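Let me begin by presenting the structure, written as structure tokens, before commenting on it.
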Amino acid sequence: MLRLSRGAKIGLGAIVAVVLIFMYTPLALVVMNSFNAARIASWPIKNVSLEWWGVAFTSQPIRDALWNSVVVASGATLIAMLLGTLVAFALQRYSFFGKETVNLLVILPIALPGIVTGVALSNTYNSILEPMGIHLGYFGMIVAHATFCIVMVFNNVLARLRRMSPNLQEASMDLGAGLWQTFRLVTFPQFRTAFIAGALLAFALSFDEVVVTIFTAPPGVDTLPLWIMNQMGRPNQASVVNVVATVVILASLIPVWLSQRLSRAEEGR
1131 MLRLSRGAKI GLGAIVAVVL IFMYTPLALV VMNSFNAARI ASWPIKNVSL EWWGVAFTSQ
1191 PIRDALWNSV VVASGATLIA MLLGTLVAFA LQRYSFFGKE TVNLLVILPI ALPGIVTGVA
1251 LSNTYNSILE PMGIHLGYFG MIVAHATFCI VMVFNNVLAR LRRMSPNLQE ASMDLGAGLW
1311 QTFRLVTFPQ FRTAFIAGAL LAFALSFDEV VVTIFTAPPG VDTLPLWIMN QMGRPNQASV
1371 VNVVATVVIL ASLIPVWLSQ RLSRAEEGR
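Under the numbering used here, think of the first position of the sequence shown as 1131, with each following residue one higher.
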């Protein structure tokens, strides 16, 4: 086991502290300015108020954008849970020609720049599907988000499946359990936490996605990140934007935190 000197530990600790401060100070300023009584974001904050929170929660466009974000993220997560799990099982349990290629193609969307994915999907929707009479509309935005959300579920489930022994499933089948019964009582409980953790990460990833959404959202449909982007050029909306941005931070933080807790609990067991 590598042992560090006291000086090395202090130096590494200082570097980590500086990096964390650099990363999270801007986020902290956004959260604090959401309680700023002033109409324009400023520092230091002279007066604290919940006025802008009230404005945000009574604004119909913001509530519509929040609802759209939740619906799109939920739909993308459901698709990712189904397809990500199925692909993970196929790649783990079976050997076939092109297996590594399939693995690469599943992971590729998360590595591609969002603007590339957005342009590709927009061209597909507008140049190929719509001339054929297929108008995906709102569902097209969900499909677009699902393309990169699948990776979250796929990676988590595949990593867990690789650590599972097939002996329990074989024993269950030998004792007379059917395929579905074995999956429900033996297989699924073994990768359940990884499955849920992947779904939470997929939801968080979809909820704050903006680039792909720009290219695939139907006209007049905003998600919270899109609403924030559209309002950034309006100085009088800065305080309300800080409130919405705080909501997005919390909506992204909570699933990631829960995912980490589930992963640690799984490792502990």
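Here a beta-carbon is modelled for each residue, glycine too, at the ideal position from N, C-alpha and C. Everything numeric in this text was worked out from a predicted model, so none of it was measured.
Selected residue, minimal CA-CA separation from residue i, among the options
i	options	result
Ala1327	Gly1350, Ser1389, Val1287	Ser1389
Phe1219	Trp1387, Val1340, Leu1354, Phe1318	Phe1318
Ser1179	Ile1192, Val1161, Ala1289	Val1161
Arg1364	Phe1226, Ala1158, Ile1264, Arg1169	Arg1169
Pro1348	Phe1152, Val1149, Val1236, Gly1248	Gly1248
Ile1209	Ser1336, Leu1298, Ala1144, Asn1198	Ser1336
Ser1199	Asn1297, Val1378, Asn1372, Lys1176	Val1378
Ala1163	Ile1358, Val1373, Val1236, Thr1231	Going by the sequence as given, residue 1163 is Asn instead of Ala. That would be Val1373, whose Cα lies nearest to the Cα of Asn1163.
Ser1189	Leu1380, Pro1385, Val1371	Val1371
Val1273	Thr1343, Asn1285, Leu1305, Ala1158	Thr1343
Pro1156	Ala1375, Asp1338, Leu1354, Ala1301	Ala1375
Terminal residues of the alpha helix (DSSP H) in which residue i lies
i	result
Gly1328	1318 to 1337
Arg1290	1268 to 1292
Asp1194	1190 to 1223
Pro1239	1229 to 1241
Leu1251	1244 to 1253
Phe1345	1341 to 1346
Asn1360	1354 to 1361
Trp1310	1309 to 1312
Rounded Cβ spacing between residue i and residue j (contact assumed at less than 8 Å)
i	j	result
Lys1229	Leu1216	Not a contact, Cβ separation roughly 15 Å.
Val1386	Leu1331	7 Å
Residues that DSSP places opposite residue i in a beta bridge
i	result
Val1146	Bridge partners of Val1146: none, in fact.
Val1178	Asn1166
Quiz item: Can you find at least 3 beta carbon pairs, one from the segment 1304 to 1316 and one from the segment 1141 to 1153, that sit closer than 8 Å?
Solution: no
Quiz item: Touching or not, the segment 1188 to 1195 and the segment 1294 to 1301, by the rule of three or more beta carbon pairs under 8 Å?
Solution: no
Quiz item: Do the segment 1241 to 1260 and the segment 1180 to 1187 touch if we need at least three Cβ pairs shorter than 8 Å?
Solution: no
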